[in-house]
Amino acid sequence: MDLLALADFNLVARHGGFGKAARATGRPKATLSRRVGELESSLDLRLFERGARSLKLTEEGRALFERTGALLAELDETASAIASGGQRPRGRLRISAPLLFSQTAMGRIAAGFALKYPEVRLEVTTEDRPVDMIEEGYDLVIRVNPDPDESLVGRAFLRDRLVVVASPDLPRASGGLAAPGVARWAGDRQTWHVKTQGGRSMIAIEPVLALSMLIMVRDAVRAGVGAARLPISLVAHDLADGTLVLWGDIDGPEIALWALYPSRRLLSARVSAFLNFLKQAFPNGTPDELAAYIGR
23 MDLLALADFN LVARHGGFGK AARATGRPKA TLSRRVGELE SSLDLRLFER
73 GARSLKLTEE GRALFERTGA LLAELDETAS AIASGGQRPR GRLRISAPLL
123 FSQTAMGRIA AGFALKYPEV RLEVTTEDRP VDMIEEGYDL VIRVNPDPDE
173 SLVGRAFLRD RLVVVASPDL PRASGGLAAP GVARWAGDRQ TWHVKTQGGR
223 SMIAIEPVLA LSMLIMVRDA VRAGVGAARL PISLVAHDLA DGTLVLWGDI
273 DGPEIALWAL YPSRRLLSAR VSAFLNFLKQ AFPNGTPDEL AAYIGR
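Heads up: the sequence shown begins at 23 in this note's numbering, then just goes up one per residue.
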């Protein structure tokens with residue numbers, strides 16, 4: 023595939039027409055039209071629907087533009103950085119981050135990064151669903167305990183753990199009785215397996231509230247309505263102040279937050295800068311470091 027023709031196709035697609043692309047770049051309109059025509063011929067595909075006064079991408083053209091636009095931008099950025107003798111982060115950086123991390127820490131992290139790298143236009147989307155980084159145009163995603171994916175690489179930058187906490191006034195159930203609990207989803211009586219200094223045990227829980235967001239769950243536990251399973255970073259200050267007490271650590275795998283990016287892409291200066299910024303924010307990757315971001 024002719025990369026020059028592909029670059030001209032992306033110019034036309036980005037600007038929405040041959041004339042607009044020519045005026046924006048100073049390239050002759052006829053040259054752009056010829057290059058795009060040659061690309062269509064080599065692919066044996068129609069990339070644009072050409073009307074009398076409009077130009078619209080075909081389905082195949084849109085797919086090609088979405089898949090090649092970011093790659094060409096990264097190549098251009100790399101060439102510019104090498105030519106200028108440095109890797110100065112610049113351009114658009116799109117990140118997808120999970121809800122709780124976004125609510126508790128991402129605002130301050132994003133602000134600090136923007137102040138340090140003013141030439142990077144940072145965009146953060148909050149969502150817990152899996153995203154297709156290539157299709158949806160993300161440069162980096164932050165995920166909790168992600169499933170293995172050969173198309174993605176990255177590193178864990180933060181670790182946390184689940185604990186059971188409750189108000190000091192809430193009696194811990196015993197003798198087969200259940201304690202009131204706050205759960206993330208409605209359900210029947212539950213049994214939580216915990217680890218304490220005395221060993222492993224089970225806590226019977228009768229859900230009295232179902233709340234989908236962990237911030238809501240924490241606030242309900244603070245109000246004394248029941249016990250709950252929460253990341254220790256979210257309740258570290260409450261435990262230190264004695265407003266909540268620890269019933270035990272959930273017996274299970276730890277929580278790990280990973281920063282991931284596509285393995286087949288060049289690691290751009292802006293992605294590398296953000297990864298380094300996360301490392302500086304959480305040098306040891308401990309729950310205490312995240313709790314410091316959360317505040318009281």
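Just so you know, even glycine gets a beta-carbon here, dropped at the ideal spot from N, CA and C.
- Between the alpha carbons of ILE156 and ARG89 lies a distance of about 7 Å.
- Under the 10 Å beta carbon count, ASN32 is surrounded by 16 or more other beta carbons and is classified as buried.
- Counting every other CB atom within 10 Å of its CB across the protein chains shown gives THR47 a total below 16, marking it as exposed.
- By a beta-carbon distance limit of 8 Å, ALA295 contacts PRO111. Their separation comes to about 4 Å.
- Following the DSSP letters along the chain, one finds GLY134 in no beta strand (DSSP E) but inside the alpha helix (DSSP H) bounded by residues 129-138.
- Between the segment 179-199 and the segment 247-266 there are three or more inter-stretch CB-CB distances shorter than 8 Å, so the stretches are counted as touching.
- In terms of Cβ geometry, VAL230 and GLY270 do not form a close pair [threshold 7 Å].
- For PHE304, the three-state secondary structure derived from DSSP is coil.
- Around the beta carbon of LEU86, 16 or more other beta carbons lie within 10 angstroms, which makes this residue buried.
- Only exposed fits TRP207, as fewer than 16 other CB atoms lie within 10 angstroms of its CB.
- Judged by DSSP in its simplified three-state form, SER234 adopts coil rather than helix or strand.
- For a cut-off of 8 Å, the C-beta gap from SER189 to VAL243 is around 7 Å, short enough to register as a contact.
- Cβ neighbours of ASP150 within its own chain (closer than 7 Å, five residues either side excluded): PRO120, LEU121.
- In this structure, the straight-line span from the alpha carbon of PRO193 to that of ALA201 is close to 8 Å.
- HIS37 is positioned such that its CB atom lies no closer than 7 Å to that of ALA29.
- Burial is judged here by how many other beta carbons sit within 10 angstroms of a residue's own beta carbon; PRO275 has fewer than 16 and is exposed.
- According to the DSSP assignment, PRO202 belongs to the beta strand (DSSP E) that extends over 201-205.
- The DSSP-derived three-state label of THR265 is coil.
- Counting along the chain, ALA281 sits inside the beta strand (DSSP E) bounded by residues 277-284.
- Where LEU28 is concerned, there is no enclosing beta strand (DSSP E), although the alpha helix (DSSP H) around it starts and stops at 25-37.
- DSSP, read as helix, strand or coil, puts GLN212 in strand.
- Note that the segment 129-142 does not touch the segment 159-179; fewer than 3 beta-carbon pairs, one per stretch, sit closer than 8 Å.
- SER63 counts as exposed, since fewer than 16 other beta carbons sit within 10 angstroms of its beta carbon.
- In the three-state reduction of the DSSP assignment, GLY270 falls in the strand class, which pools E and B.
- Taking the CA atoms as reference points, PHE70 sits about 18 Å from LEU25.
- At a Cβ-Cβ threshold of 7 Å, ARG68 and THR53 do not count as neighbours.
- Residue environment analysis places SER290 among the buried positions, since at least 16 neighbouring C-beta atoms fall within 10 angstroms of its C-beta.
- Just measuring C-alpha positions, the residue of ILE277, SER234, GLY264, LEU97 sitting nearest ALA178 is ILE277.
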